[in-house]
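Undergrad: Numbering of the sequence shown is given in numbering that gives the first Met the number 0, commencing with residue 0 and proceeding in unit increments.
Just so it is clear, CB atoms sit at the ideal spot from N, CA and C, and this is done for glycine as well.
Here it is, the structure, as structure tokens.
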Amino acid sequence: MGAVIIRPRSRGVRSFFTDTLLLTRRNLLLTARTPELVVFAAIMPIMFVLLFRYVFGGSINVPGYSNYVDYLMPGIMVQTALFGGSSSAVGVADDLSKGVTDRFRSLPTNRASILAARTLADLVRLGYTMGLLIAIGLLVGFRFHNALLPVLAGVGIALLFGYACSWLFTLVGLMVRNVESATLAGFLLTFPLVFAASTFTSTKFMPHGLRAFANAQPVTQVANALRDLTHGTGSAGPAALHAIVWSVGILIAAATLATWKFRKI
């Protein structure tokens, strides 16, 4: 009988990038085969835009903004980045519960690429959703009031924050390992961060304690940076720096803990 040749487990930088691209393609193909997921993911931010633009927008006055939609859209973009990241928790928990992750781990695949591919695919989907959201915003009166490069920098910061959130919720999915629990955990984390922030209105109108929390937390920092870069108000440097520090900090901490947790499963 001939000898059975078993391919060793992939290691190294080259195998990591190769396997990550292959698994990312797999995740995106699964998304393409379930287009309702893409549609539903885009419907919620669009509903928030229409709700706050036409229902609540007339009663909200933000100092420094003559058109409320110019204040609203950056907040909705950051909210979308956060909510988009929360889908990672559900996806990871679903793969764990169905045994998909175990099958990947049994293959000669670079293990680090399994989580990296998940978050990279989520980033691609977030980029699509952001583009659609900006188009809807332009249709309802949103306008950029700054040069192209600052605007692109702002969108880039929002995507960086969304990518960091994907790793954060990947960690959540690895911890709960259950789709229902991952969904609930996502809501419990995202809603306080979104509504106790400058997402929809200025934090100046909040009670003192809540205002202190809102001004310090990452959603406010990223939203304010995006507003400064798209609207051209004030100096965008400090706000952008705070947003980047928050995003990179979350990314490093969450990716490290998620990778450690994944190895323990």
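Just the Cα atoms here: how many angstroms apart are V3 and P107?
TA: Per-residue confidence for V3 stands at a pLDDT of 33, beneath the threshold of 50, marking its modelled position as unreliable; the derived number appears in the next sentence. Taking C-alpha positions only, V3 is separated from P107 by approximately 15 Å.
Undergrad: Taking the CB atoms as reference points, tell me whether V77 and L225 lie closer together than 9 Å.
TA: yes
Undergrad: If the criterion is Cβ atoms closer than 9 Å, does the pair L114 and T169 meet it?
TA: yes
Undergrad: Would you decide whether P7 is buried or exposed? Buried here means 16 or more other CB atoms lie within 10 Å of its CB.
TA: With a pLDDT of only 47 at P7, under the threshold of 50, the placement of this residue in the model should not be trusted, and no figure is reported.
Undergrad: Rounded to whole angstroms, what's the CA-CA distance from R262 to V99? Just pull it up for me.
TA: Each residue's Cα considered, the two are about 15 Å apart.
Undergrad: Compute the distance between the beta-carbons of F194 and F55, then report whether it is under 9 Å.
TA: Cβ atoms of F194 and F55: not closer than 9 Å.
Undergrad: Using a 10 Å radius around the Cβ and a threshold of 16 neighbouring Cβ atoms, would you call Y53 buried or exposed?
TA: exposed
Undergrad: Which of helix, strand or coil does DSSP assign to P7?
TA: Because the pLDDT of P7 is 47, which lies under 50, any placement of that residue in the model is unreliable, and the number read from its coordinates should be weighed accordingly. P7 falls in the coil class under three-state DSSP.
Undergrad: What are the boundary residues of the alpha helix (DSSP H) that M43 is part of?
TA: P34 to L50
Undergrad: So the candidates are A242, A31, V91 and R25; which of them puts its Cα closest to the Cα of T258?
TA: Cα-wise, what sits closest to T258 is V91.
Undergrad: Evaluate the contact criterion for the region 37-46 versus the region 149-168: three or more CB pairs, one atom per stretch, below 8 Å.
TA: no
Undergrad: Our contact map puts N223 next to G140 with C-beta atoms below 8 Å; I'd like the distance itself, whole angstroms only.
TA: Actually they are not in contact, since the Cβ atoms of N223 and G140 sit about 21 Å apart, beyond 8 Å.
Undergrad: Alpha carbon to alpha carbon, what distance is there between G172 and G231?
TA: 38 Å
Undergrad: Going by Cα to Cα distance, which pick from A40, S180 and G208 is closest to S96?
TA: S180
Undergrad: Taking the straight line between their C-alpha atoms, what separation do you get for H144 and V178?
TA: 42 Å
Undergrad: Below 8 Å, can you find three or more Cβ-Cβ pairs linking the region 213-220 to the region 238-255?
TA: Cβ pair count under 8 Å is three or more, so yes.
Undergrad: Grouping DSSP H, G and I as helix and E and B as strand, with all else coil, what is Y162?
TA: Of the three classes helix, strand and coil, the one that applies to Y162 here is helix, per DSSP.
Undergrad: Tell me, to the nearest whole angstrom, how far the beta carbon of T33 is from that of A120; I am working on the premise that it is less than 8 Å.
TA: Actually they do not touch by this definition, with Cβ atoms about 13 Å apart.
Undergrad: If we require 4 or more residues per run, which alpha helix (DSSP H) segments fall completely within the region 66-133?
TA: Qualifying alpha helix (DSSP H) stretches, in chain order: 67-97 and 99-105.
Undergrad: Thinking C-alpha only, which one of L138, A152 and F103 is nearest L21?
TA: F103
Undergrad: Going by the CB atoms, is the gap between L228 and V150 shorter than 9 Å?
TA: yes
Undergrad: For a quick check, are the C-beta atoms of T79 and L132 less than 9 Å apart?
TA: yes
Undergrad: For the alpha helix (DSSP H) holding A184, just list the boundary residues, first then last.
TA: V178 to F194
Undergrad: With a Cβ-Cβ cutoff of 9 Å, do P62 and K203 count as a contact?
TA: yes
Undergrad: If the criterion is Cβ atoms closer than 9 Å, does the pair S112 and S201 meet it?
TA: no
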